[in-house]
Amino acid sequence: MLDFKLDEIEQSGDFYTRNFQPTPEENKLVLNMGPQHPSTHGVLRIILEIDGEYILRAEPVLGYIHRMQEKMAEVKTYPQYLPNMGRVDYLHALAWNWAYAGAVEKLMGLEVPERAEYIRVITCELNRINSHLLWWGAYLLDLGAFTPIMYAFADREIVMDILQRITGSRLTYCYYRFGGVSADIDQKFINDTREFCKYMRGRFPIYKDLVTDNIILRKRVEDIGHINLETCRKYGATGPVLRGSGKPYDVRRAEPYSVYDRFDFEIPVYDEKDALARYLVRMDEMEQSLRIIEQALDSLPEGDYIHPKTPKNPKPPKGEAYFAVEGARGKIGVYLVSDGSKSPYRLKLRSPGFSNLSLFAEIARGTLLADAISILGSLDLVIPEIDR
Amino acid sequence: MKNFCISLDKLIPAVKELDNLGYFLEDVCCVHVKEGFELVYHFDHWDNPGRITLRTLISDDQQAETISHIFPGADWHERECYDFFGVHFKGHKNLIPLLLPPDLNEHPLLKNKKKQKELSHILPDCECVTAPQDEEFDNWLNTFNKDK
């Protein structure tokens, strides 16, 4: 026989559920989506209050894969912390490599040889394509289409093979060093990359026919999850989320770092503000990345791949530096405070996914539960990056 | 790149001004120093790129003020500061743990007395903290508005 009291049920649930405080009206349901829900991509949990199929309130609960990366920085030396960056965001690891290496270089006044800058651009853009491809496959998986992720993984495999030869790893790259990169690229890398660019250009029309123009997809993404520019600004959203809302803001253009100002590329932007706009921004960005890679390969200078006088155990002078790069999800920032010792005094990681997800509670209000899945996917969340 | 040290009571009006000018919030971050907590706010602009850093200093037992009613995006950043440092933000509507477990009574990024450094050890121009640059900020605002 079941024996429990009603107020005991109301007291059930963990800290966050109790804190959520549902509205006292009737016929409302509080539902926990995640942290094991497949469409939350890892371990995101969202507490939802729903009325039938409609979301009244949503509150993301984070921290299930929190590893205190910022504390780790304070107990490691500068080079020891490099491998951590590939683990913050495992999809666009090289952009995080870059943000951290860039911040340390900025503080030390260390110059990066031109060849190394070009290698960084090429590998970072290859990694961006890889990240977008996985997002594409996974997003469609969320929406119920299984085949595309197989295509995406077949393409990703080529890039991973190319990058593995140079960097030594397939996913959590630790390739950039202070003052350059850890190994030079060779002729085979250049040939393979050129071949991949040609191959990838041939794939986009297939993807367009197979997926982008598909009526089933269109119905799931068109006119869903509108994010207006004011919301983007108030929450600090960047990357494809912002560009899908009609603002061509890209760190590569706005505060050009490295040699990005030498390449001719466009910043894809769509005014529709919905999930489809964010989808199309990413699809176009892959093509732009190919353009950048090809230009960089054409004008690849000879020279050192790492600054010859890079100290093994650097001690940046006291002071602070902020270095921002454009990652696949938006503006990645590393704020570094140094006291002149061999490990950082304070290191703050600004992750784009963190800000992009924080606006979810606002835009999910009043949407269908099934659309919330579509909106979450269109934000391109990588939970380890959000939780750090 | 602009850097202003703002006195605590001038911070909210300053953030409101940046909001009016169309700046967006990059992040809110905290540094534990001997003098207390240094709060650092980073802003940037879509059309006039150039980072604006506002900083203010609070003592160990002082409370900061929330800016989440101006920039809702600051809500999570402030919760993160509360998690890592135990800094309270007055007026924050939902100051509960964000990344750390709710039953953890520690603030991992607090530095013990031995490891704490004075501001002069980490900031090259630390005089600004003792003499806040509120006026400089106002002047900069005026020139920004004129240029517009």
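Residue numbers (this note's numbering), protein chains in the order written: chain A, 260 to 647; chain B, 6 to 153. Where is the CB? At the ideal position from N, CA and C, for every residue including glycine. From a predicted model like this one, the values you see are computed outputs, not experimental measurements.
Asked	Found
Return the Cβ separation of A69 of chain B and K95 of chain B in integer angstroms, given the expectation that the two are a contact with Cβ distance under 8 Å.	7 Å
Counting along the chain, where does the beta strand (DSSP E) carrying D49 of chain B start and finish?	41–50
Nearest to T61 of chain B by CA position, among B:V33, B:D152, B:L146, is which residue?	B:V33
From S441 of chain A to D482 of chain A, what does the alpha carbon distance come to, in whole angstroms?	46 Å
How long is the line joining the alpha carbons of Y313 of chain A and A623 of chain A, rounded to whole angstroms?	9 Å
What are the start and end residues of each continuous alpha helix (DSSP H) run of 4 or more residues lying completely inside the region 72–135 of chain B, in chain order?	79–90, 124–127, 132–135
In chain A, which residues lie less than 9 Å from P54 of chain B when you measure between Cβ atoms?	Y508, V510, R512, A513, E514
Can you pull the chain B neighbours of S597 of chain A, defined as C-beta to C-beta under 8 Å?	I127
At 8 Å on the CB atoms, spell out the chain B contacts of S617 of chain A, in chain order.	P77, G78, D80, W81
Suppose the cutoff is 6 Å on Cβ atoms and the five residues either side in sequence are ignored; what does the same chain contact list for Y594 of chain A look like?	Y581, K607
If I'm right that N10 of chain B touches P137 of chain B with Cβ under 8 Å, what's the distance once you round it to whole angstroms?	Here residue 10 of chain B is Cys; the residue named in the question, Asn, does not match the sequence. Their Cβ separation, rounded to whole angstroms, is 5 Å, which keeps C10 of chain B and P137 of chain B in contact under 8 Å.
Expressed to the nearest angstrom, what Euclidean distance is found between the alpha-carbon atoms of A555 of chain A and R277 of chain A?	54 Å
Could you tell me whether the region 317–328 of chain A touches the region 297–308 of chain A, using the rule of 3 or more Cβ pairs below 8 Å?	yes
How would you write the range of the alpha helix (DSSP H) that C433 of chain A sits in, first residue to last?	Taken as a continuous stretch (DSSP letters only), C433 of chain A belongs to no alpha helix (DSSP H), as it is neither H nor E.
Note down, in chain order, every chain B residue with its Cβ under 9 Å from the Cβ of M327 of chain A.	F89, L104, L105, P113, L114
Name the chain B residues whose beta carbon is nearer than 8 Å to that of D646 of chain A?	L104
Does G495 of chain A come within less than 8 Å of chain B when only Cβ atoms are used?	yes
Less than 6 Å between C-beta atoms, sequence neighbours within five positions excluded: which residues of the same chain meet that for G301 of chain A?	I642
Under three-state DSSP, which class holds L635 of chain A?	helix
In chain order, which alpha helix (DSSP H) runs of at least 4 residues are fully inside the region 552–633 of chain A?	611–617, 619–623
Do G592 of chain A and A358 of chain A have their CB atoms nearer than 8 Å?	yes
Would I57 of chain B count as contacting chain A if we go by Cβ distances under 8 Å?	no
So that I know if they touch, is there some Cβ in chain A lying closer than 8 Å to that of L30 of chain B?	yes
So is N389 of chain A buried or exposed if we call it buried at 16+ other beta carbons inside 10 Å?	buried
Please confirm whether any heavy atom of the ligand FMN lies closer than 7 Å to the CB of Q554 of chain A.	The ligand FMN is absent from the structure shown, which contains no ligand whatsoever.
Thinking just about the alpha-carbon of each residue, which of A:R387, A:A496, A:V347, A:E285 is nearest to the one in D543 of chain A?	A:R387
Which same chain residues end up closer than 7 Å to I645 of chain A when comparing Cβ atoms and leaving out the 5 residues on each side of it in sequence?	L321, S610, G612, F613, L616
Please state whether the Cβ-Cβ distance between L341 of chain A and C433 of chain A is less than 8 Å.	yes
Could you spell out the range, first to last residue, of the alpha helix (DSSP H) harbouring D420 of chain A?	406–426
Using a C-beta to C-beta distance shorter than 7 Å, which residues of chain A count as neighbours of W51 of chain B?	K506, Y508
What in chain A is Cβ-close to K122 of chain B, meaning under 7 Å?	D598, Y604
Residues bridged to A317 of chain A by DSSP?	A:L307
Apart from the five residues just before and just after K116 of chain B, which ones in its own chain have a Cβ nearer than 6 Å to its Cβ?	H37
Drop a sphere of 10 angstroms on the beta-carbon of S558 of chain A, count the other beta-carbons inside from all chains shown, and report buried for 16 or more, exposed for fewer.	exposed
Considering M292 of chain A, what are the terminal residues of the beta strand (DSSP E) in which it resides?	288–292
What does C34 of chain B touch in chain A if you count any residue whose Cβ is under 7 Å from its own?	Y594, K607
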